[in-house]
Amino acid sequence: PAFLTPVHPAIEGLRFFSLDITTLKVGFYTRRIKRLIPALVLFVLIISVLIGLFNPSPVLSLNTGITSLFGLSNLYLLEQSTDYFAASTELNVFTHTWSLGVEEQFYFLYPFLVWLTGFGRQTSKGARNLFWVIGALSITSLIAFVYIYQTNQPAAYFLMPTRLWELGAGCLLFLGLKHSNRLLRLLESIPPLMITAAIVAVLFMPIQMAVQATIAVVVFTVCLIASFRSGTAVYDLFTHPKVVYVGLISYSLYLWHWGVLCLSRWTIGIHWWSIPFQIALMLLLSITSYRYVEIFRHSHWSAVRWKSIGYGVGASASVAVLLFALVNIPNFLYTGRGPSLVAVGVPSLTNTYSLKQVNSIWEGEKCILSDNSEVGKKIFVEDCTLGNFSNAKKRVLVFGNSFSAAFAQAFDDLVLSDGYSVTITSSWGASPVKEIPNKGTWDKANNYYKANNYYWDSVVPSLISRLRPGDWVFLINDMAGLSPQRRTSKTDEMLAQLESGLESLSSKLSARGIRLAVLHGNPFAREAHCQPVSAEKQWFAPFGSPCKLPNRSESLLRRDNLNKVLVSLEAERKLRVVDIFDVFCPEEQCTYMAKNGQILYRDEFSHLSVESVRLSSPIIRKVLTSS
Numbered sequence: 001p002a003f004l005t006p007v008h009p010a011i012e013g014l015r016f017f018s019l020d021i022t023t024l025k026v027g028f029y030t031r032r033i034k035r036l037i038p039a040l041v042l043f044v045l046i047i048s049v050l051i052g053l054f055n056p057s058p059v060l061s062l063n064t065g066i067t068s069l070f071g072l073s074n075l076y077l078l079e080q081s082t083d084y085f086a087a088s089t090e091l092n093v094f095t096h097t098w099s100l101g102v103e104e105q106f107y108f109l110y111p112f113l114v115w116l117t118g119f120g121r122q123t124s125k126g127a128r129n130l131f132w133v134i135g136a137l138s139i140t141s142l143i144a145f146v147y148i149y150q151t152n153q154p155a156a157y158f159l160m161p162t163r164l165w166e167l168g169a170g171c172l173l174f175l176g177l178k179h180s181n182r183l184l185r186l187l188e189s190i191p192p193l194m195i196t197a198a199i200v201a202v203l204f205m206p207i208q209m210a211v212q213a214t215i216a217v218v219v220f221t222v223c224l225i226a227s228f229r230s231g232t233a234v235y236d237l238f239t240h241p242k243v244v245y246v247g248l249i250s251y252s253l254y255l256w257h258w259g260v261l262c263l264s265r266w267t268i269g270i271h272w273w274s275i276p277f278q279i280a281l282m283l284l285l286s287i288t289s290y291r292y293v294e295i296f297r298h299s300h301w302s303a304v305r306w307k308s309i310g311y312g313v314g315a316s317a318s319v320a321v322l323l324f325a326l327v328n329i330p331n332f333l334y335t336g337r338g339p340s341l342v343a344v345g346v347p348s349l350t351n352t353y354s355l356k357q358v359n360s361i362w363e364g365e366k367c368i369l370s371d372n373s374e375v376g377k378k379i380f381v382e383d384c385t386l387g388n389f390s391n392a393k394k395r396v397l398v399f400g401n402s403f404s405a406a407f408a409q410a411f412d413d414l415v416l417s418d419g420y421s422v423t424i425t426s427s428w429g430a431s432p433v434k435e436i437p438n439k440g441t442w443d444k445a446n447n448y449y450k451a452n453n454y455y456w457d458s459v460v461p462s463l464i465s466r467l468r469p470g471d472w473v474f475l476i477n478d479m480a481g482l483s484p485q486r487r488t489s490k491t492d493e494m495l496a497q498l499e500s501g502l503e504s505l506s507s508k509l510s511a512r513g514i515r516l517a518v519l520h521g522n523p524f525a526r527e528a529h530c531q532p533v534s535a536e537k538q539w540f541a542p543f544g545s546p547c548k549l550p551n552r553s554e555s556l557l558r559r560d561n562l563n564k565v566l567v568s569l570e571a572e573r574k575l576r577v578v579d580i581f582d583v584f585c586p587e588e589q590c591t592y593m594a595k596n597g598q599i600l601y602r603d604e605f606s607h608l609s610v611e612s613v614r615l616s617s618p619i620i621r622k623v624l625t626s627s
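When the letters of the sequence shown are read in order and numbered with the UniProt record's numbering, they come out as residues 1 to 627.
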């Protein structure tokens, strides 16, 4: 969660500015490299090899590892967060290195601030100047964090300028501790145990209050440090030798804890009984790294500073080259079984599909708007139709987001046996109806909203104009966003917009004798963060698939509000609902596997597999051939 990260930056900020003035010399960057690079390089190398054993396509993890070696993983993860098909961070073994990137970027700024304010040159007003400069920068950073979080959460989360205020809080505390004042005396009077309890309480705040929680935990952390004094229970706790030792190994623990957790998700899973062993492994690896890498480095570096810098950069570059080679050699280290699927992964959504019996081909990419750069692209019926559009008994136009492209193989019987033609189009990230604003995490980089508007304003009307009375429009979308775990005013508004949009579209279509069908919501497979390969039985996952979905009862309860909207409109004869939920969750426990053992999803984004849409075909056919 976003609010867990500020404790470390606040403490780091205090540590940065409590360093001796000599750190402003050329040796500052040498010390940073000696401090960070050895343990990081070893961690990235080992974990990269291990993830390659269990993940056949660890591209996201390896690229994150490469950028982490140069303090840029936060920027890489920011770029990925704006991608509609961004892979889950829970499965990325190097996700946590984003905060290290923020700190390393701050390292470049720090010496200049200290020197330019006069603090580094020990001028009479140096401390005062530095206090006001850091204060101004921190306030600006905090305002930016609060404002940008509302409009672009990934940027607020990952960028150094919007996280600088957390480091600045520690810096300001250090400067304040140098001179006793009324505020410090007040902080010293607060019982540390009370502040510690407040920090713990903040960690249980809902994610919707992430901004408030982040600010609160930084403020409480600063107050806790300021209130430390001997004779208190908290002081005794934090000065206990065992706790102090945890502090000493904290950097290695920071590196290794996420690697262990993430690899566990890929293999044995995380269970109540496995947690003690996983914690023990984290500590063992961290202690080993601290003893034999962090401490070892002090006596084995060159006395010549530029050579030490060269060693660090060279080691990082060497491991980066190795990881780059692994990125470009798929399955090189993989030891498991591949998924038994006709098509795997997001790229397969644009694979062409042909029905030779009727001499027609769905051309994939020609039928899809993949981002804003494709605004203005013409989508032709001839390129995107299975069957004979001109002479078909009835025509079906399929519109939707990327989910619609997954259904290319769902209409074989409808075309071959019933004489229909089916034209399939898609716009990545599109809204299910025009009336719902195209706002989502991926739109912060403006990659999709223009394409969405063009799709609904131009592509959809132009294709509908070619339909005849008795034809169908079939909307196929990912409806999970309309069935959240927690109902909010925003989701209620979206449901109202969906209802309004469907009524409006139905009215326009029915005026021409055209019918409307809508795909209902499916199980929430995306929340499992699983790739198809994880659904297969693997030797390294002896306790079953880690793909855990919400169960049937929970899923149906979550989509109940959506169900009421769709069922109500169907009762008013404004549309027909196509509900294939039972195909994907026939039992109480929803899984990645069908009853016949076939994998239901082609990727971790819950796009349906070719096999599963064929299983769904009879239900779709029954609705579209109904009178």
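We put the beta carbon where it would ideally sit given N, CA and C, even for glycine.
- From the listed residues V346, P347 and T162, the smallest Cα separation to F106 is found for T162.
- The beta carbon of I620 sits closer than 6 Å to the beta carbons of A410 and V578 from its chain, once the five residues preceding and following it are set aside; these are given in chain order.
- Sequence-distant Cβ neighbours of E365 in its own chain, meaning closer than 6 Å and more than five residues away, are T350.
- For G247, no pairing in a beta bridge is given by DSSP.
- Our two residues, N331 and G52, have alpha carbons roughly 7 Å apart in a direct line.
- The three-state reading of DSSP puts Y601 in strand, counting E and B together.
- Between Y455 and N372, the gap from beta carbon to beta carbon reaches 9 Å or more.
- In its chain, beyond the 5 residues on either side, Y76 and V327 have a beta carbon closer than 7 Å to the beta carbon of N63.
- Across the structure, W472 and E604 are spaced so that their CA atoms are roughly 30 Å apart.
- Within the DSSP secondary-structure output, Y353 pairs in a beta bridge with W362.
- With at least 16 other beta carbons inside 10 angstroms of its own, K34 counts as buried.
- Separation of A233 and H179 (C-alpha to C-alpha, rounded to the nearest whole angstrom) is 26 Å.
- For I66, the enclosing alpha helix (DSSP H) covers residues V59 to S68.
- For R32, no pairing in a beta bridge is given by DSSP.
- Within the same chain, T425, V460, V473 and L475 come within 7 Å of F399 by CB-CB distance, once the 5 residues on both sides are set aside.
- Just measuring C-alpha positions, the residue of F581, R576 and L575 sitting nearest L557 is F581.
- Counting C-beta atoms within 10 angstroms of its own C-beta, G65 has 16 or more neighbours from the protein chains shown and is therefore classed as buried.
- Contact check for H607 and E90: beta-carbon distance about 19 Å, past the 8 Å limit, so the pair fails to qualify.
- Beta-carbon to beta-carbon, L562 and L495 are separated by about 7 Å, close enough to satisfy the 8 Å threshold.
- When beta bridges are read from the DSSP output, F403 appears opposite no residue.
- Here L323 is not near S73, since their CB atoms are 9 Å or more apart.
- Only residues of its own chain outside the window of five on either side were considered, and among them V583 and A594 have a CB closer than 7 Å to the CB of L615, listed in chain order.
- The Cβ atoms of W428 and L369 sit closer than 9 Å to each other.
- Excluding the 5 residues flanking it on each side, L333 has same chain C-beta neighbours closer than 6 Å at G52 and L53, in chain order.
- The C-alpha of E374 lies about 7 Å from the C-alpha of A451.
- Residues of the same chain with a CB within less than 8 Å of the CB of Q485, apart from the 5 flanking positions on each side, are R558 in chain order.
- A direct Cα-Cα distance of roughly 12 Å separates W256 from S264.
- Setting aside the 5 residues that flank it on each side, G345 is surrounded in the same chain by D603, each with a C-beta closer than 6 Å to its C-beta; the list follows chain order.
- Going by beta carbons, K378 and G419 fall outside the 9 Å limit.
- DSSP, read as helix, strand or coil, puts A213 in helix.
- Per the coordinates, the alpha-carbon of L173 lies some 13 Å from the alpha-carbon of F228.
- Per the DSSP secondary-structure output, L397 pairs in a beta bridge with T423 and V473.
- With a contact defined as Cβ atoms closer than 8 Å, V533 and P339 qualify at about 5 Å.
- Per DSSP, the beta-bridge partners of R515 are W472.
- In this structure, the CA atom of E166 is about 21 Å from the CA atom of L248.
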